[in-house]
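Right, one structure below, let's go through it.
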Amino acid sequence: MICNDCEDVSCTKWSGFLANGTVKIPNPRYRALLHQCLGRIPQSGKPVQLRTEVLLRRRGDLRGVVGLTTFFVQGYAPVGVAKEESGAHTITFYTSLMDQLTDRAVLAVMAHELAHAWLNEHLRPEASSAREDDADMLAEMWGFGQELAALAEETEPVGS
Numbered sequence: 005m006i007c008n009d010c011e012d013v014s015c016t017k018w019s020g021f022l023a024n025g026t027v028k029i030p031n032p033r034y035r036a037l038l039h040q041c042l043g044r045i046p047q048s049g050k051p052v053q054l055r056t057e058v059l060l061r062r063r064g065d066l067r068g069v070v071g072l073t074t075f076f077v078q079g080y081a082p083v084g085v086a087k088e089e090s091g092a093h094t095i096t097f098y099t100s101l102m103d104q105l106t107d108r109a110v111l112a113v114m115a116h117e118l119a120h121a122w123l124n125e126h127l128r129p130e131a132s133s134a135r136e137d138d139a140d141m142l143a144e145m146w147g148f149g150q151e152l153a154a155l156a157e158e159t160e161p162v163g164s
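Residue numbering for the sequence shown follows this note's numbering, beginning at 5 and increasing consecutively.
Here's what the structure looks like:
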């Protein structure tokens with residue numbers, strides 16, 4: 005994969021954690037922040053191996069959602085998705101909400117969504133009943149505790 009931030013095909017910030025990733029982030033701010041986020045994830049553990057697409061959208065269907073990670077498991081593809089296309093992650097960041105956040109809070113969102121991709125691939129679904137808490141915990145283990153705190157300060161829970 006070519007790193008869009010530094011144009012280096014061998015950049016381990018991209019290929020180390022997202023071995024089979026495609027990053028479609030034309031916005032320089034968010035591309036640089038994703039580059040920074042990936043560079044901070046410890047490379048000592050298992051990377052995300054499945055095909056992963058990371059992209060930006062203006063807004064999503066769910067109120068208050070800043071990022072969303074979807075995961076298709078081989079043999080359990082949703083209606084309308086061919087089985088040969090399953091076994092992949094799509095990480096989507098919604099700029100209409102991220103534009104309102106500081107860089108620290110955006111880093112927290114990115115780390116949280118990347119943690120979802122890692123958890124989906126490396127833990128069985130029944131091994132994790134609280135995926136949101138697990139993603140936050142993993143992002144904190146990766147060193148994004150201050151960013152998660154900034155995100156909590158800048159946002160309010162959905163439904164408030």
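Ideal Cβ placement from N, Cα and C applies to all residues, glycine included.
Short Cβ contact (8 Å threshold) for residue i with residue j
| i | j | result |
| --- | --- | --- |
| Val52 | Ala121 | yes |
| Gly20 | Gln47 | yes |
| Asn31 | Leu72 | no |
| Leu38 | Val69 | no |
| Leu142 | Leu111 | no |
| Thr99 | Arg62 | yes |
Span separating the alpha-carbon of residue i from that of residue j
| i | j | result |
| --- | --- | --- |
| Thr94 | Gly64 | 13 Å |
| Glu151 | Leu22 | 21 Å |
| Val27 | Glu117 | 14 Å |
| Asp103 | Lys50 | 31 Å |
| Ala109 | Arg33 | 13 Å |
| Ala153 | Ala119 | 16 Å |
| Asp107 | Leu101 | 12 Å |
| Ile29 | Arg35 | 6 Å |
Close beta carbons around residue i, own chain, < 8 Å, minus the five adjacent residues each side
| i | result |
| --- | --- |
| Met114 | Leu37, Leu38, Cys41, Gly71, Phe97 |
| Leu105 | Val70, Val113, Leu155, Glu158, Thr159 |
| Asp137 | none |
| Glu144 | Leu152 |
Residue-chain proximity (residue i, chain D), Cβ-Cβ < 8 Å
| i | result |
| --- | --- |
| Glu57 | The question asks about chain D, but that chain is absent: this structure has only one protein chain. |
Supposed close pair residue i, residue j - CB separation, criterion 8 Å
| i | j | result |
| --- | --- | --- |
| Arg55 | Asn24 | 5 Å |
Nonlocal neighbours in the same chain, by C-beta distance under 6 Å from residue i, ignoring five residues either side
| i | result |
| --- | --- |
| Thr74 | Thr94 |
Same chain only: Cβ atoms within 7 Å of residue i, ignoring 5 sequence neighbours per side
| i | result |
| --- | --- |
| Gly147 | Arg44 |
| Glu125 | Val52, Gln53, Leu54 |
| Gly149 | none |
Practice problem: Could you pull out every unbroken alpha helix (DSSP H) segment of at least 4 residues lying fully inside the stretch 90–115, listed in chain order? | Solution: At a cut-off of 4 residues, the continuous stretches assigned as alpha helix (DSSP H) that sit fully inside the stretch 90–115 are 99–102.
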